[in-house]
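Position one of the sequence shown corresponds to residue 323 (my numbering), numbered consecutively onward.
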Amino acid sequence: MSPIQVGGIYSRDRFDDWQKSLIYEKGLAASDQLVAAINQQQLETVVEAGPRRVREYLLERLGVVDRRQAEDAVPRLPNPLTVAEMQKLPVHAEREIAMSLKDITPVQAADPAFWTLCHAIWIGNWMFDADVAAVFMEGGRAGNSEQRTRNFLRRLGGLHRVRGSVSVLTDCPISAAWWRYRTAVAASRQASEHGTVLSVVEAHQVLQRSQVWENLAGWSVKRVTSLNAPYAKAAVISVLARHDLTTNGAKPQQQIQSVMRSVAQLGHTHSLFGIEWQQLVHAAEGGLAKAGSSSVIDDDEESGD
Numbered sequence: 323m324s325p326i327q328v329g330g331i332y333s334r335d336r337f338d339d340w341q342k343s344l345i346y347e348k349g350l351a352a353s354d355q356l357v358a359a360i361n362q363q364q365l366e367t368v369v370e371a372g373p374r375r376v377r378e379y380l381l382e383r384l385g386v387v388d389r390r391q392a393e394d395a396v397p398r399l400p401n402p403l404t405v406a407e408m409q410k411l412p413v414h415a416e417r418e419i420a421m422s423l424k425d426i427t428p429v430q431a432a433d434p435a436f437w438t439l440c441h442a443i444w445i446g447n448w449m450f451d452a453d454v455a456a457v458f459m460e461g462g463r464a465g466n467s468e469q470r471t472r473n474f475l476r477r478l479g480g481l482h483r484v485r486g487s488v489s490v491l492t493d494c495p496i497s498a499a500w501w502r503y504r505t506a507v508a509a510s511r512q513a514s515e516h517g518t519v520l521s522v523v524e525a526h527q528v529l530q531r532s533q534v535w536e537n538l539a540g541w542s543v544k545r546v547t548s549l550n551a552p553y554a555k556a557a558v559i560s561v562l563a564r565h566d567l568t569t570n571g572a573k574p575q576q577q578i579q580s581v582m583r584s585v586a587q588l589g590h591t592h593s594l595f596g597i598e599w600q601q602l603v604h605a606a607e608g609g610l611a612k613a614g615s616s617s618v619i620d621d622d623e624e625s626g627d
């Protein structure tokens with residue numbers, strides 16, 4: 323495995339300044355709001371002009387001087403992706419994408435600027451629908467320029483200044499695919515080491531279920547860092563893999579959060595690495611059983627985005 327070499331190709335500071343210039347934030351001065359509105363209109367004009375214009379615009383905002391160098395550094399996607407696929411990537415497409423991007427390091431995969439660089443090249447190479455707005459701007463919440471701009475930034479690689487570190491894990495379809503598949507591989511390995519049969523395919527299918535990845539990623543980053551431990555995630559995923567999330571009448575989100583909460587509670591007084599695997603699994607099973615009485619925490623509502 324040879325790590326992708328992108329050092330010096332783009333400027334993270336330029337990228338951060340660009341994102342900041344595009345969005346409204348609390349306490350923003352009237353003059354800065356006007357600048358943001360102008361920049362949003364410019365972005366929409368660029369997007370309407372098509373993929374190659376979008377590529378040049380993004381590379382400029384990233385401070386890329388040598389486009390050929392960027393082209394050579396960015397890994398290739400296996401196949402072009404349709405608007406529908408980008409709205410909900412099929413399991414097989416996610417696996418193919420993750421395998422094609424296997425040389426990306428976790429540090430790079432946690433960086434919205436890196437993914438934006440990748441998307442700039444991919445868009446310019448027609449790896450998505452020619453209607454860039456349909457892929458990256460439109461959706462359920464796209465009623466004004468501010469919402470479309472935020473959609474664009476989130477789907478290119480994440481909007482950290484608004485959504486925090488969870489954005490790159492959940493908001494960008496390609497980066498989310500990379501992280502989901504990596505998590506599935508790690509969960510399968512951990513489970514197998516402790517005598518539990520959990521294939522990568524099974525783990526990946528669990529993470530593709532509605533609400534599972536959003537909650538697992540969100541809680542690991544924002545709430546319970548002990549869930550970042552592959553050991554803990556594997557216990558959660560292995561239990562979810564064996565159960566239909568609607569059998570006891572609780573909402574799927576309620577069930578998922580109850581499982582995570584029960585596993586995390588073991589880490590309040592002990593290191594999770596010192597707890598027996600079966601104890602973790604038993605806690606996860608118990609959390610699922612009592613899910614109907616658990617409260618639900620909606621991180622999206624808390625984010626204000």
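Built from N, CA and C at the ideal position, the CB exists for glycine as well.
Taking a cut-off of 8 Å for Cβ pairs, the segment 524-539 and the segment 502-509 touch, as three or more such pairs fall below it. Remark: C-beta atoms of I426 and W500 approach each other more closely than 8 Å. Assigned with DSSP and collapsed to three states, L520 falls in coil, not helix or strand.
Rounded to whole angstroms, E416 and S487 show a C-alpha spacing of 21 Å.
Annotation note: the segment 448-500 contains the following uninterrupted alpha helix (DSSP H) runs of length 4 or greater, listed N- to C-terminal: 454-458, 467-478, 482-485, 489-492. The segment 432-448 makes contact with the segment 466-482; the number of CB pairs closer than 8 Å reaches 3 or more. DSSP links L356 through a beta bridge to no other residue. R390 is not a Cβ neighbour of L381, given a cutoff of 8 Å.
Per the Cβ contact rule, the segment 532-541 is not in contact with the segment 460-476 (fewer than 3 Cβ pairs under 8 Å). Contact between the segment 598-610 and the segment 577-590 is established, with three or more Cβ pairs separated by less than 8 Å.
For D493, the number of other beta carbons within 10 angstroms of its own is at least 16, and it is reported as buried. Following the DSSP letters along the chain, one finds V413 inside the alpha helix (DSSP H) bounded by residues 413-422. Sixteen is the threshold: since fewer than 16 other Cβ atoms of the shown chains lie within 10 Å of the Cβ of R398, the residue is exposed.
If you compare the alpha carbons of L365, A554, I331 with that of E393, the shortest gap goes to I331.
With respect to the 8 Å criterion, I345 and V457 are not classified as neighbours on the basis of their beta carbons. Contact annotation: P373 and I419 have beta-carbon atoms that are not nearer than 8 Å. Straight-line spacing of the CA atoms in L423 and Q430 works out to 11 Å. One thing to note: N537 has its Cβ no nearer than 8 Å to the Cβ of I597.
Approximately 5 Å separates the beta-carbon atoms of P552 and Q512; this is inside 8 Å, confirming the contact.
By the C-beta density criterion, G589 is buried, having at least 16 other C-beta atoms within 10 angstroms. Take the alpha-carbon of G349 and the one of Q355: they are about 10 Å apart. For L403, the three-state secondary structure derived from DSSP is strand.
Here S548 is buried: its Cβ has 16 or more other Cβ atoms, across all protein chains shown, within 10 Å.
Only residues of its own chain outside the window of five on either side were considered, and among them R504 have a CB closer than 8 Å to the CB of P428, listed in chain order.
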